[in-house]
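These notes are about the structure you will find just below.
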Amino acid sequence: MAEEEIAAAVELQGLTKRFGADVTAVDSIDLRIEDGEFFALLGPSGCGKTTTLRMIAGLEFPTEGSLRIYGEEMGTLSPNKRPVNTVFQNYALFPHMTVLDNVAFGLRMQKVDKAEANKRAQEAIEMVRLGQMAKRKPNQLSGGQQQRIALARALVNRPKVLLLDEPLGALDLKLRQEMQIELKSLQREVGITFVFVTHDQEEALTLSDRIAVMHDGKFLQVASPENMYERPANRFVADFIGQTNLLEGTVEDAETVCLANGARVSVANDKAEGAKVAVSLRPERINVHALDDKPDGPSLEGVVSSVTYLGTAHSYRIAMDWMEIEVREENRPSRGHFNAGDSVLISWHSDGVWVVDN
Amino acid sequence: MSSTTDPRGFSKAFLTANAWLVYLFFYAPIILLVVYSFSGDKLVGRWGGFTLDWYRAFAKDDNVQGALWVSVQVAIVSTLVSVVLGTLAALALERFKFRGQKVFDALLYLPIIIPDVTMAVMLLMFFSQFFNVIDSVLGLTLSKDISTVIISHIAFNISFVSIVVRARLEGMDQRLEEAASDLYASRWKAFRFVTFPQIIPGIAGGALLALTLSLDDVVIAQFVSGPGSTTLPVYVFGLIRKGVSPLINAVSVVMLVASVLLVMLSLLAQRNSEDKDQKVNDENEDDDQEVSSGSSSLSEMSIN
Ligand SMILES: Nc1ncnc2c1ncn2[C@@H]1O[C@H](COP(=O)(O)OP(=O)(O)OP(=O)(O)O)[C@@H](O)[C@H]1O
Ligand SMILES: [Mg+2]
Numbered sequence: 003m004a005e006e007e008i009a010a011a012v013e014l015q016g017l018t019k020r021f022g023a024d025v026t027a028v029d030s031i032d033l034r035i036e037d038g039e040f041f042a043l044l045g046p047s048g049c050g051k052t053t054t055l056r057m058i059a060g061l062e063f064p065t066e067g068s069l070r071i072y073g074e075e076m077g078t079l080s081p082n083k084r085p086v087n088t089v090f091q092n093y094a095l096f097p098h099m100t101v102l103d104n105v106a107f108g109l110r111m112q113k114v115d116k117a118e119a120n121k122r123a124q125e126a127i128e129m130v131r132l133g134q135m136a137k138r139k140p141n142q143l144s145g146g147q148q149q150r151i152a153l154a155r156a157l158v159n160r161p162k163v164l165l166l167d168e169p170l171g172a173l174d175l176k177l178r179q180e181m182q183i184e185l186k187s188l189q190r191e192v193g194i195t196f197v198f199v200t201h202d203q204e205e206a207l208t209l210s211d212r213i214a215v216m217h218d219g220k221f222l223q224v225a226s227p228e229n230m231y232e233r234p235a236n237r238f239v240a241d242f243i244g245q246t247n248l249l250e251g252t253v254e255d256a257e258t259v260c261l262a263n264g265a266r267v268s269v270a271n272d273k274a275e276g277a278k279v280a281v282s283l284r285p286e287r288i289n290v291h292a293l294d295d296k297p298d299g300p301s302l303e304g305v306v307s308s309v310t311y312l313g314t315a316h317s318y319r320i321a322m323d324w325m326e327i328e329v330r331e332e333n334r335p336s337r338g339h340f341n342a343g344d345s346v347l348i349s350w351h352s353d354g355v356w357v358v359d360n
Numbered sequence: 171m172s173s174t175t176d177p178r179g180f181s182k183a184f185l186t187a188n189a190w191l192v193y194l195f196f197y198a199p200i201i202l203l204v205v206y207s208f209s210g211d212k213l214v215g216r217w218g219g220f221t222l223d224w225y226r227a228f229a230k231d232d233n234v235q236g237a238l239w240v241s242v243q244v245a246i247v248s249t250l251v252s253v254v255l256g257t258l259a260a261l262a263l264e265r266f267k268f269r270g271q272k273v274f275d276a277l278l279y280l281p282i283i284i285p286d287v288t289m290a291v292m293l294l295m296f297f298s299q300f301f302n303v304i305d306s307v308l309g310l311t312l313s314k315d316i317s318t319v320i321i322s323h324i325a326f327n328i329s330f331v332s333i334v335v336r337a338r339l340e341g342m343d344q345r346l347e348e349a350a351s352d353l354y355a356s357r358w359k360a361f362r363f364v365t366f367p368q369i370i371p372g373i374a375g376g377a378l379l380a381l382t383l384s385l386d387d388v389v390i391a392q393f394v395s396g397p398g399s400t401t402l403p404v405y406v407f408g409l410i411r412k413g414v415s416p417l418i419n420a421v422s423v424v425m426l427v428a429s430v431l432l433v434m435l436s437l438l439a440q441r442n443s444e445d446k447d448q449k450v451n452d453e454n455e456d457d458d459q460e461v462s463s464g465s466s467s468l469s470e471m472s473i474n
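Same order as they appear, the protein sequences are chains A and B.
Using the working numbering, you'd call the opening residue of the first sequence number 3 and step up by one each time.
Using the working numbering, you'd call the opening residue of the second sequence number 171 and step up by one each time.
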């Protein structure tokens with residue numbers, strides 16, 4: 003590594019983890035997580051997120067590849083010697099210790115003077131707004147409170163990198179949203195690099211600076227939330243991040259794709275001529291019109307097969323003879339809505355679509 | 171509250187009667203034993219008025235006292251040793267991977283499966299062979315004494331202790347140890363401050379079980395004890411062959427009370443651990459300052 007280059011918080015090169023001969027949980031991944039970043043590892047169950055995180059923490063050693071934390075090769079360094087701390091999925095608070103002893107544990111293990119450790123632990127507990135709970139045992143706290151204590155127990159050590167494995171997974175929706183906001187502002191406050199594992203794409207989009215989408219032990223795309231949503235690298239990512247309609251077709255030229263039903267639509271793309279692709283149309287980017295309404299831009303004809311009222315929007319399923327498309331249209335009082343059985347035209351702005359490899 | 175699956179009518183009456191019969195079957199002998207230990211008549215089975223003579227005889231009888239002392243020594247020493255070894259074995263099997271683990275696992279539980287008599291004969295043969303070898307090599311004349319009884323009791327107690335401790339280890343969330351090492355604890359400190367406090371109830375349960383089993387054992391002690399190292403159960407067994415006397419009743423009652431107390435203690439230990447507020451001794455405050463576990467009021471109480 004060049005001297006002047008700032009070391010990445012976490013740098014993975016060809017990192018691989020195999021369990022036995024047949025299971026490759028993590029398959030040669032490369033990644034640079036920058037200092038101070040809020041980074042999300044996103045993917046479906048069993049794709050290797052936890053294994054990746056555990057390798058960074060040192061709870062699992064890589065089969066192959068290199069893992070650096072702020073430029074320092076970790077190799078098989080044991081977890082207690084790494085400048086990282088983990089918030090475990092089920093918190094893993096020590097049940098026989100008080101909240102204060104739990105939070106002070108890491109400091110005491112680092113031989114911080116006892117009074118000092120207790121003082122800093124108390125401050126950390128106050129930071130997560132549970133000051134009065136210091137004398138309690140973990141089983142006397144609610145799930146959300148335990149979650150915050152787990153956070154305080156990790157953060158009090160001022161790790162260089164904080165690893166979080168689905169920390170909000172066990173909480174109900176309301177609490178989860180509250181904690182998301184808290185987590186984000188906490189991260190800004192302490193300025194520590196966060197590596198956050200989740201299988202909830204919405205959570206990843208709202209919280210993180212960058213996201214890596216993982217599938218079968220590999221990274222499919224590493225990008226900012228906006229890039230991930232607007233310019234997914236492939237079909238899997240397009241489908242996994244947010245909702246989308248994937249219209250299959252063939253590339254005619256850099257401006258045109260011929261859809262499976264023969265309709266030719268103009269979308270800018272950088273794929274080779276004749277390539278099999280899918281056009282990703284987000285439900286909220288599609289407009290619905292009555293047949294006699296002449297929309298500008300590309301349009302397709304179909305019949306509304308079902309209507310669902312969502313409060314802020316109406317969701318339509320629109321049947322065409324070759325596929326069904328999902329459309330979400332925001333409600334405005336001045337505008338009516340379509341009913342099942344109506345023949346309609348759907349249209350979109352050409353900058354609202356994206357072409358992915360099929 | 172009765173649910174639809176509660177028995178009714180005849181089956182209910184039958185089950186109730188059965189329960190009482192079982193209790194009668196269990197406790198009638200015990201009641202008889204206790205009652206006749208206070209009987210003034212030399213013949214067991216004939217009530218001769220209330221007396222404490224047999225207990226006085228028990229307190230004065232040097233043979234009984236000697237046997238009791240042997241039993242206590244054997245129980246305490248064999249328990250201490252087997253708790254340490256049994257806990258280590260449990261840790262090795264639960265937390266580490268090594269060659270021959272499965273075999274070691276299976277063999278460890280052998281003493282529980284094989285009959286006492288077999289075990290006793292095995293041990294007897296082992297000691298005589300072993301003594302022969304040692305005697306001829308070192309020119310000593312070793313013989314069976316209290317240490318052979320202790321070694322034999324350790325041999326079977328290790329299995330029981332490790333089973334109990336292992337159950338506790340299995341039930342413990344392994345992520346706690348990972349969390350400890352993530353929080354800068356070395357392997358030893360993770361054990362000391364996280365694993366050990368978690369398995370204390372298992373260790374205590376194992377220790378009480380070992381104590382009880384050691385105090386109960388007749389068969390093995392009979393085979394491997396030498397002159398002067400007769401345990402109390404063996405001594406009582408010998409007395410019976412000479413004829414039943416109320417002295418035996420008195421001795422048995424004492425042993426019974428001791429066993430019941432031990433069982434109650436072990437139940438108490440288990441209950442406390444279920445309450446999850448088992449206190450963790452804070453003796454670590456002195457030898458090393460890093461971690462105090464348990465709330466301060468509890469720790470002050472437990473320092474004693
Ligand atoms: N100790 C292990 N031994 C064998 N296989 C393992 C082990 N740990 C994980 N695996 C396998 O590795 C793969 C990745 O597991 P991992 O726990 O990293 O998934 P994940 O992305 O965290 O999933 P989830 O969202 O369900 O937590 C899975 O197929 C899993 O079965
Ligand atoms: Mg996981």
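Note that CB positions come from ideal geometry on N, CA and C, so glycine has one too.
The model shown is predicted, which means the values in this text are computed figures rather than measured ones.
Residues of its chain near residue i, where Cβ-Cβ distance is below 8 Å and the 5 sequence neighbours each way are ignored
{"i": "L79 (chain A)", "result": "G60"}
{"i": "K273 (chain A)", "result": "V253, V279, V357 and D359"}
{"i": "Y279 (chain B)", "result": "S329 and I333"}
{"i": "D29 (chain A)", "result": "T18, G50, D218, G219 and K220"}
{"i": "L212 (chain B)", "result": "Sequence check: residue 212 (chain B) is Lys here, not Leu. These residues qualify, in order along the chain: G218, S415 and P416."}
{"i": "Q182 (chain A)", "result": "L170, E205, T208 and L209"}
Residue-chain proximity (residue i, chain B), Cβ-Cβ < 8 Å
{"i": "F96 (chain A)", "result": "yes"}
{"i": "A59 (chain A)", "result": "yes"}
{"i": "G108 (chain A)", "result": "yes"}
{"i": "P169 (chain A)", "result": "no"}
{"i": "P81 (chain A)", "result": "yes"}
{"i": "M135 (chain A)", "result": "no"}
{"i": "Q124 (chain A)", "result": "no"}
{"i": "N92 (chain A)", "result": "yes"}
{"i": "Q112 (chain A)", "result": "yes"}
{"i": "N360 (chain A)", "result": "no"}
{"i": "T53 (chain A)", "result": "no"}
Close beta carbons around residue i, own chain, < 7 Å, minus the five adjacent residues each side
{"i": "S401 (chain B)", "result": "Before going on, a small fix: residue 401 (chain B) reads as Thr here, not Ser. For T401 (chain B), where only same-chain residues beyond five positions count, the Cβ hits under 7 Å are A237, V240, S241, V244, V319, A391 and S395."}
{"i": "R122 (chain A)", "result": "L109 and V158"}
{"i": "E257 (chain A)", "result": "S268 and A270"}
Rounded distance between the beta-carbons of residue j and residue i, thought under 8 Å
{"i": "E250 (chain A)", "j": "A265 (chain A)", "result": "About 12 Å; that fails the 8 Å criterion."}
{"i": "N92 (chain A)", "j": "A172 (chain A)", "result": "7 Å"}
{"i": "A119 (chain A)", "j": "I127 (chain A)", "result": "Not a contact, Cβ separation roughly 12 Å."}
{"i": "A315 (chain A)", "j": "N333 (chain A)", "result": "6 Å"}
{"i": "F326 (chain B)", "j": "P397 (chain B)", "result": "The pair is not a contact, with the Cβ atoms about 23 Å apart (cut-off 8 Å)."}
{"i": "F90 (chain A)", "j": "A349 (chain B)", "result": "6 Å"}
{"i": "V214 (chain B)", "j": "V421 (chain B)", "result": "V214 (chain B) to V421 (chain B), Cβ: 13 Å. No contact."}
{"i": "M342 (chain B)", "j": "I369 (chain B)", "result": "7 Å"}
Chain A within 8 Å of residue i, Cβ atoms only
{"i": "D343 (chain B)", "result": "yes"}
{"i": "R438 (chain B)", "result": "A small correction: the amino acid at residue 438 (chain B) is Leu; Arg does not occupy that position in the sequence shown. So no, L438 (chain B) is outside the interface."}
{"i": "V364 (chain B)", "result": "yes"}
{"i": "L346 (chain B)", "result": "yes"}
{"i": "V306 (chain B)", "result": "Position check: residue 306 (chain B) holds Ser in this sequence, whereas Val was assumed. Not an interface residue."}
{"i": "A189 (chain B)", "result": "no"}
{"i": "L339 (chain B)", "result": "no"}
{"i": "A183 (chain B)", "result": "no"}
{"i": "K272 (chain B)", "result": "no"}
{"i": "A349 (chain B)", "result": "yes"}
Sequence-distant residues of its chain with Cβ nearer than 6 Å to residue i (five each side left out)
{"i": "G210 (chain B)", "result": "G218, G219 and T221"}
{"i": "T249 (chain B)", "result": "A377, A380 and L381"}
{"i": "T88 (chain A)", "result": "A59 and L165"}
{"i": "L346 (chain B)", "result": "V364"}
Distance cut-off 7 Å: residue i Cβ against heavy atoms of ligand 4
{"i": "D167 (chain A)", "result": "No copy of ligand 4 occurs in the structure displayed; its ligands are ligand 1 and ligand 2 alone."}
Residues near ligand 1, criterion Cβ-heavy atom distance below 6 Å = A:F21, A:V25, A:A27, A:G45, A:S47, A:G48, A:C49, A:G50, A:K51, A:T52, A:T53 and A:H201
Counting only runs that start and end within the region 44–105 of chain A, where is the beta strand (DSSP E) found for 3 or more residues in a row?
-> 66–71 and 86–89
Let me know the alpha helix (DSSP H) ranges lying completely inside the region 309–345 of chain B, each 4 residues or longer, listed in chain order.
-> 316–341
Where are the alpha helix (DSSP H) runs, 4 residues long or more, that stay fully inside the region 234–281 of chain B, in chain order?
-> 271–278
Which full runs of the alpha helix (DSSP H) of 4+ residues lie inside the region 171–239 of chain A, going along the chain?
-> 175–192, 203–209 and 227–232
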